[in-house]
Structures are given as C-alpha cells and as structure tokens.
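Visitor: My questions will all concern the structure given below.
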Amino acid sequence: MVVQILSADRTTLFEDIFEVTALNPDGVKWDKVNRIQATGSTFECDLLLDVHCELYRLDESDKFTLVLASTLHLDGSPADHSSYHPHSSQSEPSLADHYDYVMHGRVFDVEYKKDNTVTVKLSFGGLLMRLVGDQKHLTSVQPDQKLYLLLKKD
1094 MVVQILSADR TTLFEDIFEV TALNPDGVKW DKVNRIQATG STFECDLLLD
1144 VHCELYRLDE SDKFTLVLAS TLHLDGSPAD HSSYHPHSSQ SEPSLADHYD
1194 YVMHGRVFDV EYKKDNTVTV KLSFGGLLMR LVGDQKHLTS VQPDQKLYLL
1244 LKKD
C-alpha cells in the first residue's frame, strides 16, 4: 500500500478539497450537465467544472476531493492517453479505483496574470473546467497537456 501512495504522489499534478458554492451559477441549465462552482479549502483556488450529473451528482455545500493526474498507473508509468477501459476484466488496479468520477482531457489554455495568479482551462470531451489560483500551486499543469481529472466526495 505504501508503494501506491508514493506512486500516486509522483503522478499528482494538483490536489485539493473543494466545497460547492453554486450549481449552474450563470443560470444556464443543460439536460445532463451541471456546472459546479467551488472553492478549494487548502489552496483557495476557484473552480468551475462541468459534470455529467446523471453519472455523478454534486449539490451545493458538498465537499469533494479533486485530483489532476498525469497517469492512472499506480507505478507512475506514463499513460498512453488512449486506452483506458474502466470496466475491462483485464484492467490492472489504477488510481481511478480510489475515485468515484474520472475524466480524461487536455489543457487548452493557461493564462498567467501579473498578480501571480493563473487561470487553467481544460476540456474533457466538451465538458469544461476552469481553475484559477496562485501560480505556485499549479506549476505542474502545462499548456496542451493530457491529464486525468478524478473526483470523490468527502
């Protein structure tokens, strides 16, 4: 078990516990998607995240852990980013086994501000994420990077 924890730390690009402050804050509602507005408890990052609400439900005041990881392999080996099959009988144990909701996506924009904040924008097959926070907490997330988003309720 210690090996898994050490390996996960090497692949984790960002991790924090967030509290949902609003659902669909812009007033737009889609059939199967909620836009989650949340604030991080440790790094005080601001998050907007589209979530398929029929697969994973979050409500106002819910707390959840969010992880951005470069791979799901517990040994830290690089992901090929094209062959994750969560329900395959031949799947090896992975970081995803410890989370409730997993998406694969790409960083499509990183904006650095003069006040040492950064805005990171990601797309997960059309579901979007925007994370705004201090640059020192988001240095591992790079433009055009492929990564995994993992969520679990706390």
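Numbered by our numbering, the letters in the sequence shown go through residues 1094 to 1247 in order. For every residue, glycine included, the Cβ atom is placed at its ideal position computed from N, Cα and C. On a predicted model such as this, the values are computed, not experimentally measured, just so you know.
(1) Would the stretch 1115–1128 count as touching the stretch 1198–1207 if we require 3 or more Cβ pairs under 8 Å?
(2) If you measure between the beta carbons of Tyr1194 and Leu1244, is that distance less than 7 Å?
(3) Considering only their Cβ atoms, is the gap separating Leu1242 from Asp1143 smaller than 7 Å?
(4) Under 7 Å between the Cβ atoms of Leu1215 and Ala1189?
(5) Measuring alpha carbon to alpha carbon, tell me which of Val1160, Gln1238, Ala1131, Phe1157 ends up nearest Asp1173.
(6) Go through its chain and collect everything with a Cβ distance to Asp1247's Cβ below 7 Å, but skip five positions before and after it.
(7) Thinking C-beta only, is Thr1105 closer than 7 Å to Ala1162?
(8) Checking 7 Å against the spacing of the C-beta atoms, do Leu1151 and Ile1129 come in under that value?
(9) DSSP on Lys1229, reduced to helix/strand/coil?
(10) Can you give the Cα-Cα distance for Arg1199 and Gly1120, rounded to whole angstroms?
Guide: Here's the rundown:
(1) no
(2) What you label residue 1194 is simply residue 101 of the sequence shown in a count that begins at 1. What you label residue 1244 is simply residue 151 of the sequence shown in a count that begins at 1. Cβ distance < 7 Å, so Tyr1194 and Leu1244 count as in contact.
(3) Sequence index remark: in the sequence shown, residue 1143 carries index 50 (1-based). Sequence index remark: in the sequence shown, residue 1242 carries index 149 (1-based). Not in contact: Asp1143 and Leu1242 (Cβ atoms no closer than 7 Å).
(4) In the sequence shown, residue 1215 corresponds to position 122, counting from 1. In the sequence shown, residue 1189 corresponds to position 96, counting from 1. Cβ atoms of Leu1215 and Ala1189: not closer than 7 Å.
(5) For the purposes of this step, residue 1173 is identified with residue 80 of the sequence shown, where counting begins at 1. Taking only the C-alpha atoms, the option nearest Asp1173 is Gln1238.
(6) Residue numbering aside, residue 1247 sits at position 154 when the sequence shown is read from its first letter. Same-chain partners within the cutoff: Ile1110, Lys1156, Phe1157, Thr1158.
(7) Taking the sequence shown and counting its residues from 1, one reaches residue 1162 at position 69. Taking the sequence shown and counting its residues from 1, one reaches residue 1105 at position 12. Yes.
(8) By 1-based counting over the sequence shown, the position of residue 1151 is 58. By 1-based counting over the sequence shown, the position of residue 1129 is 36. With a cutoff of 7 Å on beta-carbon distance, Leu1151 and Ile1129 are scored as near each other.
(9) As a working mapping, residue 1229 is identified with position 136 in the sequence shown. Helix.
(10) In the sequence shown, residue 1199 corresponds to position 106, counting from 1. In the sequence shown, residue 1120 corresponds to position 27, counting from 1. If I take the Cα positions, the gap works out to 26 Å.
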